[in-house]
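A quick write-up on the structure given underneath.
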Amino acid sequence: MRRMIYIILVLALAAGPAAARGGGVPRILPGHVAFGLASSPEEIGWLEQSGVPVALRYQYLAGGVNTGKGWATWNANGAFVTNYVRASQRPGMVAVFPYYMLLQSRPARGGSEAARVYSNLNNRETMRAYYQDFKLLMQRASAAGGAIVHVEPDLFGYLQKEYARGGRGSARQVPAVVASSGVPELQDLPNTAEGFGRALLRLRNRYGRGVFLGIHASHWATGVDIGSSRDRGVNARALGERTARFLRGFGPGWNLVFVDPSDRDSAWKDRHRGASPAHWWDPADRAYPNFARYRQWIDAVSTGMDLRVVVWQIPVGNTFYRALNNTEGHYQDNRAQYFLEYRGNIADWAAAGVVAFLFGAGTGSATHFTDARRDGVTNPPPIGGNTRVSRHADDDGGYLREAITRYYREGTVRVP
Numbered sequence: 001m002r003r004m005i006y007i008i009l010v011l012a013l014a015a016g017p018a019a020a021r022g023g024g025v026p027r028i029l030p031g032h033v034a035f036g037l038a039s040s041p042e043e044i045g046w047l048e049q050s051g052v053p054v055a056l057r058y059q060y061l062a063g064g065v066n067t068g069k070g071w072a073t074w075n076a077n078g079a080f081v082t083n084y085v086r087a088s089q090r091p092g093m094v095a096v097f098p099y100y101m102l103l104q105s106r107p108a109r110g111g112s113e114a115a116r117v118y119s120n121l122n123n124r125e126t127m128r129a130y131y132q133d134f135k136l137l138m139q140r141a142s143a144a145g146g147a148i149v150h151v152e153p154d155l156f157g158y159l160q161k162e163y164a165r166g167g168r169g170s171a172r173q174v175p176a177v178v179a180s181s182g183v184p185e186l187q188d189l190p191n192t193a194e195g196f197g198r199a200l201l202r203l204r205n206r207y208g209r210g211v212f213l214g215i216h217a218s219h220w221a222t223g224v225d226i227g228s229s230r231d232r233g234v235n236a237r238a239l240g241e242r243t244a245r246f247l248r249g250f251g252p253g254w255n256l257v258f259v260d261p262s263d264r265d266s267a268w269k270d271r272h273r274g275a276s277p278a279h280w281w282d283p284a285d286r287a288y289p290n291f292a293r294y295r296q297w298i299d300a301v302s303t304g305m306d307l308r309v310v311v312w313q314i315p316v317g318n319t320f321y322r323a324l325n326n327t328e329g330h331y332q333d334n335r336a337q338y339f340l341e342y343r344g345n346i347a348d349w350a351a352a353g354v355v356a357f358l359f360g361a362g363t364g365s366a367t368h369f370t371d372a373r374r375d376g377v378t379n380p381p382p383i384g385g386n387t388r389v390s391r392h393a394d395d396d397g398g399y400l401r402e403a404i405t406r407y408y409r410e411g412t413v414r415v416p
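For what it's worth, the working numbering labels the leading residue of the sequence shown as 1, then goes sequentially.
Put into structure tokens, the structure is as follows:
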């Protein structure tokens, strides 16, 4: 009997690690893989009229905490968040807020984004205003019925790469203003990046009932960019494990981890930064970069943090519709179609810990899923085989509205 148990154990180990489960699915999310879109307050009308059955919509909160231009001033006393959450609830959507406030706060000294956010993180006046602003967000989102807050995209990556030796150091070793901010609720926390993470979690726990916090994992934070590296020798799993280990240092209690595969369409990068194979992921997973290796990295992050993953700000472009002629606002990409054309790909990424895919343009000149450009570009001559004729004026040819609708109509993919 012992010999039989031993053989079974050896066979199980030989089969490799089980697919990531990344902890439980936060109750604010459905039990299936969900899709969502970037959506300004004005675009709720498009979502309702188009009938696209997305589960989530996201809106940046930005402008800085001490500039007089931050989200709390967009409507009186922070009502912007209240209004956005309630407008999202009307058609049954969950509001997601990428909280992107530190970089645009003052004084932001330094020659790089990393240096500017680090200087603000270590400025007492700035951080006092920051924690007060975050507390207001928790109060407004909670009172409106709850939301997901995606904390500071890029910040954790900058800290890992520039101030913790790519994750070889820990959050405890990175200075940050917490107790010395003078905020009473935080007076016992250490003045470190670890303390910063714990401070946000504490403010959420005290003031943000029904608010779910997402930390951000950057695929370049180790010093190796998983999203663009063409090096076949890159060990994506090991790099994901290192990033997870670093992010665990920001305290227990996070609900999700967000990742962003690219903030621009691939063809946008080709035009604005020079053509390069590094901008395009190989859907056949033979050349690098590719989808399989990025999924391995996500799997390691999800498993290492015991959190589910939201793939966020995915480029909107496709290579199917004639509307995508690689002019401003009409750039091609292949990520949307990789997921939405092949349900097996959705299932594979769900097995790696993914619970949601959120699409949105990272800049105004990237592809949008509505007729944002209003430029009359609908069915120009095809380029490179994009022969589908659009029935909509959407800048992506209507692909996202049609493909997401088809996903929900044909049956969703269950989260394992």
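Glycine included, each C-beta is placed from N, C-alpha and C at the ideal position. Fair warning: this is a prediction, and the values are worked out from it, not measured in the lab.
Where does residue i land, buried or exposed, given buried means 16+ other C-beta within 10 angstroms?
i, result
"A300", "buried"
"E48", "exposed"
"P261", "buried"
"E241", "buried"
"K269", "buried"
"Q296", "buried"
"G70", "buried"
"N318", "buried"
"R284", "Arg is not the amino acid found at residue 284; the sequence shown has Ala there. By the 10 Å Cβ count, A284 comes out exposed."
"S418", "Because residue 418 is not part of the residues shown, which for the chain are 1 to 416, the question remains open."
"Q139", "buried"
"E402", "buried"
"D396", "buried"
"G398", "buried"
"Q160", "buried"
Under the assumption that residue i contacts residue j (Cβ atoms under 8 Å), give the Cβ distance between them as a whole number of angstroms.
i, j, result
"V177", "D133", "Not a contact, Cβ separation roughly 14 Å."
"E162", "A114", "5 Å"
"G78", "A72", "5 Å"
"G22", "G353", "4 Å"
"I465", "F35", "It is not possible to answer for residue 465, since the shown part of the chain is limited to 1 through 416."
"H32", "R414", "5 Å"
"F250", "G214", "Incorrect: roughly 12 Å between the Cβ atoms, too far for contact."
"A95", "R57", "7 Å"
"G145", "V85", "6 Å"
Please state the DSSP three-state secondary structure of residue i.
i, result
"G344", "helix"
"P17", "The pLDDT assigned to P17 is 36, lower than 50, so where the model puts this residue is not dependable; a value taken from the coordinates is nonetheless given after this. P17: coil per DSSP, three-state reduction."
"G63", "coil"
"V85", "helix"
"R388", "strand"
"Y321", "strand"
"I383", "coil"
"W349", "helix"
"L103", "coil"
"Y408", "helix"
"T126", "helix"
"F339", "helix"
"A403", "helix"
So if DSSP puts residue i in a beta bridge, which residue, or which two residues, is it bridged to?
i, result
"V310", "F258, A356"
"Y131", "Paired residues: none, contrary to the question."
"A34", "A356"
"Y58", "A38, V96"
"I418", "An answer regarding residue 418 cannot be provided, because it is not within the stretch 1 to 416 covered by the chain."
"R414", "H32"
"R116", "The partner list for R116 (beta bridge, DSSP) is empty, contrary to what the question assumes."
"P175", "T192"
Sorry if obvious, but does the Cβ on residue i come closer than 7 Å to a heavy atom of the ligand SAH?
i, result
"F250", "With respect to small molecules bound, the structure shown includes none, and the ligand SAH cannot be examined in it."
Would you list, in sequence order, the uninterrupted alpha helix (DSSP H) runs of no fewer than 4 residues that lie entirely inside the region 180–234? 193–207
Which full runs of the beta strand (DSSP E) of 3+ residues lie inside the region 220–304, going along the chain? 256–259
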